[in-house]
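Asker: Position 330 of the sequence shown, counting from 1, maps to 334 under my numbering, and the rest follow consecutively. Positions of the beta carbon are idealized from the N, C-alpha and C atoms, including for glycine.
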Amino acid sequence: MSLRFRLTILYSALTGGILLIFGVLVYFLVNVLLVTQIDNGILQTYADLLKDWRVGASGSITPGIVTEPTLTTNMSYQVWDQNGRLNFSSPNLGAFSKPLDPIGYQSHTVIYHDSHPSLGHLRVLTVPLEAGMRPIGTLQVAANMDVVDLARRALLEIIAIMAAASMVFAAAASWFAIGKALSPLSTVTETALQISQADDLSQRIPNPGSKQDETGRFIDAFNETLERLEHIFASQQRFLADVSHELRTPLTIIKGNVDLMRRIKQLDDESLDTIEDEADRLTRLVGNLLLEAQAESGKLPLYFAPVELDTLLLEVFKEMRVLARDRVNIKLTEIDQILVNGDRDRLKQVLINLVSNAIKYTPKGGDVYLSLGKVGENARLIVRDTGQGIAAEDLPHIFERFYRAEKSRTRSKTGGFGLGLSIANWIIDHHGGRIEVKSAENKGSTFCIYLPLHKSAGSSTTD
Ligand code: ADP
């Protein structure tokens, strides 16, 4: 059963139900009012009858005169003596000689009771008559209820017709309104089906006039999800293409060298060196990929502890100086004693990455400057080189994974995969810091890392 159908049934049932409850209440209220009105008339007649009543010597009773003119037609009365003889009856009863209400007559108490003699539906007041504590007979005053019954029936019919009509109307209106409100859902369903059938995440659901009601917001949210999925899907495909490309090249080289040695039937030192280099390259790639995957899924563990950044920088400086040998000059220009809260190994990895990039992209004889100082509440680490620099169009992308500037794409033994800066950025970001870069082509690049000082370290501005 469709949602539209279920909601329509619910709304029309609710409308019908409410109207029925309301109608029943009105019916009972009108009924009480009518019966009270009738009872008042009966009492009035009863009072007139007892005003001047007389009891004869034989026990016969003569009632008073009914003065209320309107009551003569639908009011009737009978006076019975103690011996069960009908003493007096109103003229409109003609020859009718049975009690107006036989049950009330038998009861010998004052009672209002409905009876249905051949005269129609009557409401009868029975009053036992007494003279000086002695029972002398019975008086019955009756009102004809035919008009009241007619009114009741008419009211019931009106209520039933109104309830039925409003149910039909509510059903029609809800069917139309719900259909209109739910129509964007059908569009969403159709689009979702088209997307899954055609594997095309570029489709969007039109939001006419950019509606901002619930369905409009739903469509916007759905479109945003599609956009995000498209982006994730595209970057996953790019990632796969990048990885397979990075894996294929060293594997091809290794296979080529193995084939060569097989052909010449001897171990060739140069080929073995190349194989070893490529195997190292593959190991580095796989290591970086693992880090990247862990970082992306939030599973790269960081062990925070107070870290003396100055000692760490000095350590990196010494290690990298050995690596750079006499290719580039690494200089330490400024070093403050600074304590930060962080993962020492990961911070060292970031520093090594920046310094090795500086060495890698600086021609022989160039300079790399390292410095560490405090700026406000932050430690500032600077790695500056006088190398090839980064083109303005590459600068916004260098922190994206697998991104390598055009100039750096030429493969070399030390050629990177474009993963180092993306991982470094993730690590610094998770330390509550940031990396900034300034660069000018052929002039050099400056990477600045800002890290919050350790809480106990205090702060002083040296900038
Ligand atoms: P890679 O392993 O390729 O060096 P990174 O993520 O560390 O990967 O760097 C991304 C790209 O940013 C590099 O390929 C290079 O083009 C550019 N880059 C990074 N550091 C420097 C630098 N000091 N000088 C010039 N270009 C740089």
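Once the 5 residues before and after residue 38 are set aside, which same chain residues still bring their CB inside 7 Å of it?
Answerer: 152, 155
Asker: Please go through the segment 189-229 and give each complete beta strand (DSSP E) segment of 3 or more residues, from N-terminal end onward.
Answerer: none
Asker: Kindly list the residues whose CB is nearer than 7 Å to the CB of residue 246, restricted to its own chain and excluding five residues on each side of it in sequence; keep chain order.
Answerer: 406
Asker: Measure the alpha-carbon distance for residue 340 versus residue 319 and round it to whole angstroms.
Answerer: 14 Å
Asker: Check whether the Cβ of residue 339 lies closer than 6 Å to any heavy atom of the ligand ADP, and answer yes or no.
Answerer: no
Asker: Where residue 90 and residue 82 are concerned, what is the direct C-alpha to C-alpha distance, given to the nearest angstrom?
Answerer: 7 Å
Asker: Assuming residue 303 is part of the beta strand (DSSP E), what are its boundary residues?
Answerer: Counting along the chain, no beta strand (DSSP E) covers residue 303, and no H or E run does either.
Asker: Keeping to the same chain, check which residues put their C-beta closer than 6 Å to that of residue 119; ignore five residues upstream and five downstream.
Answerer: 105, 126, 128
Asker: Given this structure, state the Cα-to-Cα distance separating residue 197 from residue 184, to the nearest angstrom.
Answerer: 21 Å
Asker: Return helix, strand or coil for residue 16, following the three-state DSSP convention.
Answerer: helix
Asker: Among all the DSSP beta bridges, which residues are the ones paired with residue 141?
Answerer: Per DSSP, the beta-bridge partners of residue 141 are 85, 133.
Asker: Consider the C-beta atom of residue 424 and the heavy atoms of the ligand ADP; say whether any pair is separated by less than 6 Å.
Answerer: yes
Asker: Report the rounded CA-to-CA distance for residue 159 versus residue 35, giving the unit in angstroms.
Answerer: 10 Å
Asker: Compare the C-alpha of residue 12 against each of 181, 117, 161 and name the closest.
Answerer: 181
Asker: Span of the beta strand (DSSP E) holding residue 375?
Answerer: 371-379
Asker: Residue 62 by DSSP, collapsed to three states: which one?
Answerer: Here residue 62 sits in coil by DSSP.
Asker: My understanding is that residue 358 touches residue 317, with C-beta atoms under 8 Å, so please give their C-beta distance in whole angstroms.
Answerer: Their Cβ separation, rounded to whole angstroms, is 11 Å, which puts residue 358 and residue 317 out of contact at 8 Å.
Asker: Could you give the distance in angstroms between the alpha-carbon of residue 347 and the alpha-carbon of residue 310?
Answerer: 8 Å
Asker: Within its chain, find whatever has a CB closer than 6 Å to the CB of residue 145; leave out the 5 residues flanking it on each side and keep chain order.
Answerer: Take residue 145, set aside five residues on each side of it, and the residues of its chain with a beta-carbon closer than 6 Å to its own are 46, 49, 50, 81, 129, in chain order.
Asker: Does residue 455 come out as helix, strand or coil in the three-state DSSP assignment?
Answerer: strand
Asker: Kindly give me the distance between the Cβ atoms of residue 344 and residue 313, rounded to whole angstroms, as I take these residues to be in contact under 8 Å.
Answerer: Right, their Cβ atoms sit about 6 Å apart.
Asker: Measure from the alpha carbon of residue 284 to the alpha carbon of each residue in 420, 454, 455, 88, then state which is nearest.
Answerer: 420
Asker: How many angstroms separate the CA atom of residue 372 from the CA atom of residue 436?
Answerer: 26 Å
Asker: Compute the distance between the beta-carbons of residue 141 and residue 65, then report whether it is under 7 Å.
Answerer: Yes, Cβ-Cβ distance for residue 141 and residue 65 is below 7 Å.
Asker: Cβ of residue 291 less than 7 Å from any chain D Cβ?
Answerer: In the structure shown, chain D cannot be found, because there is only a single protein chain.
Asker: Taking 8 Å as the limit between beta carbons, can you name the residues of its chain near residue 42, skipping five residues before and five after?
Answerer: 127, 147, 149, 152
Asker: Is residue 402 a contact residue of the ligand ADP, with contact defined as CB to any heavy atom under 6 Å?
Answerer: yes
Asker: In terms of residue numbering, what span does the alpha helix (DSSP H) encompassing residue 446 cover?
Answerer: From DSSP, residue 446 is part of no alpha helix (DSSP H); its letter is neither H nor E.
Asker: Quick one: measure Cβ to Cβ for residue 186 and residue 8, integer angstroms, because I've assumed they're closer than 8 Å.
Answerer: 6 Å
Asker: Which residue marks the beginning of the alpha helix (DSSP H) containing residue 320, and which one marks its end?
Answerer: 313-328
Asker: Over the uninterrupted alpha helix (DSSP H) stretch that includes residue 432, give me the two end residues.
Answerer: 424-433
Asker: Could you tell me the boundaries of the alpha helix (DSSP H) in which residue 351 lies?
Answerer: 348-364
Asker: Would residue 394 pass as a contact of residue 425 if the rule is Cβ separation under 7 Å?
Answerer: no
Asker: Less than 6 Å between C-beta atoms, sequence neighbours within five positions excluded: which residues of the same chain meet that for residue 163?
Answerer: 27
Asker: According to DSSP, is residue 24 part of a helix, a strand, or is it coil?
Answerer: helix
Asker: Do residue 279 and residue 2 come within 7 Å of each other at the CB atom, strictly closer than that value?
Answerer: Since the displayed the chain opens at 5 and closes at 467, residue 2 lies outside it and no answer follows.
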